[in-house]
Amino acid sequence: MVAPSPFAASTPDPASARTDRTVLGGIAAIVLAAVLIGTLVPAPHRPVAVAPSADLTCAEWGDGCRVCQRQADGPACSLPGIACVAGEMRCLRRTGD
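Each residue of the sequence shown is one higher than the one before, starting from 1 at the first, in our numbering.
What follows is the structure in C-alpha coordinates.
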(Lines of atoms letter the chains of each structure in order from A and count residues from 1; the text may use other names and numbers.)
(Lines give C-alpha, C1' and ligand atoms only; values in the text may rest on other atoms or scores of the structure.)
Protein backbone atom coordinates (compact mmCIF):
# COMPACT_ATOMS: atom_id res chain seq x y z
CA MET A 1 0.00 0.00 0.00
CA VAL A 2 1.29 3.48 -0.92
CA ALA A 3 1.00 6.27 1.64
CA PRO A 4 -0.67 9.47 0.40
CA SER A 5 1.76 12.30 -0.33
CA PRO A 6 1.41 15.35 1.95
CA PHE A 7 1.71 17.55 -1.15
CA ALA A 8 -1.14 15.93 -3.03
CA ALA A 9 -3.99 18.29 -3.88
CA SER A 10 -7.18 17.41 -2.12
CA THR A 11 -10.65 18.60 -2.89
CA PRO A 12 -11.79 21.25 -0.42
CA ASP A 13 -14.93 20.55 1.47
CA PRO A 14 -17.92 22.77 0.50
CA ALA A 15 -18.18 24.45 3.92
CA SER A 16 -14.56 25.61 3.80
CA ALA A 17 -14.96 26.94 0.24
CA ARG A 18 -18.07 28.89 1.31
CA THR A 19 -16.18 30.41 4.26
CA ASP A 20 -13.29 31.39 1.99
CA ARG A 21 -15.66 33.11 -0.45
CA THR A 22 -17.35 34.98 2.42
CA VAL A 23 -14.01 36.23 3.79
CA LEU A 24 -12.82 37.24 0.31
CA GLY A 25 -16.09 39.09 -0.32
CA GLY A 26 -15.76 40.93 3.00
CA ILE A 27 -12.21 42.03 2.21
CA ALA A 28 -13.27 43.22 -1.26
CA ALA A 29 -16.16 45.19 0.27
CA ILE A 30 -13.86 46.92 2.79
CA VAL A 31 -11.35 47.85 0.08
CA LEU A 32 -14.11 49.19 -2.17
CA ALA A 33 -15.61 51.22 0.69
CA ALA A 34 -12.20 52.73 1.55
CA VAL A 35 -11.59 53.73 -2.07
CA LEU A 36 -15.05 55.27 -2.41
CA ILE A 37 -14.72 57.22 0.84
CA GLY A 38 -11.29 58.49 -0.20
CA THR A 39 -12.57 59.78 -3.53
CA LEU A 40 -15.97 61.12 -2.49
CA VAL A 41 -15.15 62.95 0.76
CA PRO A 42 -13.98 66.51 0.04
CA ALA A 43 -10.46 67.46 1.06
CA PRO A 44 -10.14 69.74 4.09
CA HIS A 45 -9.80 73.40 3.26
CA ARG A 46 -6.32 74.70 3.88
CA PRO A 47 -5.89 78.37 4.70
CA VAL A 48 -4.45 80.44 1.89
CA ALA A 49 -0.85 81.33 2.59
CA VAL A 50 -0.35 85.07 2.84
CA ALA A 51 3.04 86.58 2.10
CA PRO A 52 4.53 88.06 5.28
CA SER A 53 4.86 91.44 3.58
CA ALA A 54 1.11 91.45 2.90
CA ASP A 55 0.21 90.25 6.44
CA LEU A 56 -0.33 93.43 8.47
CA THR A 57 0.22 91.61 11.77
CA CYS A 58 3.77 90.64 10.72
CA ALA A 59 6.22 93.33 11.91
CA GLU A 60 9.44 91.63 10.71
CA TRP A 61 10.00 88.95 8.06
CA GLY A 62 12.92 87.38 6.26
CA ASP A 63 14.26 84.54 4.13
CA GLY A 64 17.59 83.90 5.84
CA CYS A 65 19.37 86.44 3.62
CA ARG A 66 17.31 89.58 3.97
CA VAL A 67 15.34 90.88 6.92
CA CYS A 68 12.52 93.34 6.38
CA GLN A 69 10.70 95.44 8.97
CA ARG A 70 7.42 97.28 8.67
CA GLN A 71 8.10 101.02 9.20
CA ALA A 72 5.68 103.94 9.30
CA ASP A 73 6.76 105.00 5.79
CA GLY A 74 6.79 101.44 4.34
CA PRO A 75 8.89 98.30 4.60
CA ALA A 76 12.66 98.60 5.06
CA CYS A 77 14.85 95.63 4.09
CA SER A 78 18.50 94.76 4.63
CA LEU A 79 20.85 93.83 1.78
CA PRO A 80 21.70 90.13 1.30
CA GLY A 81 25.24 88.83 1.67
CA ILE A 82 27.30 87.74 -1.37
CA ALA A 83 27.02 83.96 -0.86
CA CYS A 84 23.57 83.89 0.69
CA VAL A 85 21.10 81.20 -0.39
CA ALA A 86 17.58 82.43 0.26
CA GLY A 87 15.10 80.15 1.98
CA GLU A 88 11.37 80.40 2.45
CA MET A 89 10.09 83.85 3.36
CA ARG A 90 8.51 83.71 6.83
CA CYS A 91 7.34 86.02 9.56
CA LEU A 92 9.95 86.51 12.28
CA ARG A 93 8.09 88.85 14.64
CA ARG A 94 4.45 89.85 14.95
CA THR A 95 3.08 93.14 16.19
CA GLY A 96 2.74 93.14 19.96
CA ASP A 97 5.57 90.59 20.51
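By construction, the Cβ of each residue, glycine as well, lies at the ideal position given by its N, Cα and C atoms.
Just to confirm the assignment, what range does the beta strand (DSSP E) spanning leucine 92 have?
First-last of the beta strand (DSSP E) with leucine 92: 90-94.
Hey, would you say proline 52 sits closer than 7 angstroms to cysteine 84, going by beta carbons?
No.
Is the number of C-beta pairs between the stretch 39-46 and the stretch 61-75 that are closer than 8 angstroms three or more?
Too few Cβ pairs lie closer than 8 angstroms, so no.
Report yes if the C-beta distance between arginine 66 and cysteine 77 is below 7 angstroms; otherwise report no.
Cβ distance < 7 angstroms, so arginine 66 and cysteine 77 count as in contact.
For the alpha helix (DSSP H) holding valine 35, just list the boundary residues, first then last.
Start and end: 14-40.
Please report how far the alpha carbon of arginine 104 lies from the alpha carbon of glutamate 88, in whole angstroms.
Missing from the structure shown is residue 104; the chain here goes from 1 to 97 and no further.
In angstroms with no decimal places, state the Cα-to-Cα distance between glycine 38 and arginine 21.
Their Cα atoms are separated by approximately 26 angstroms.
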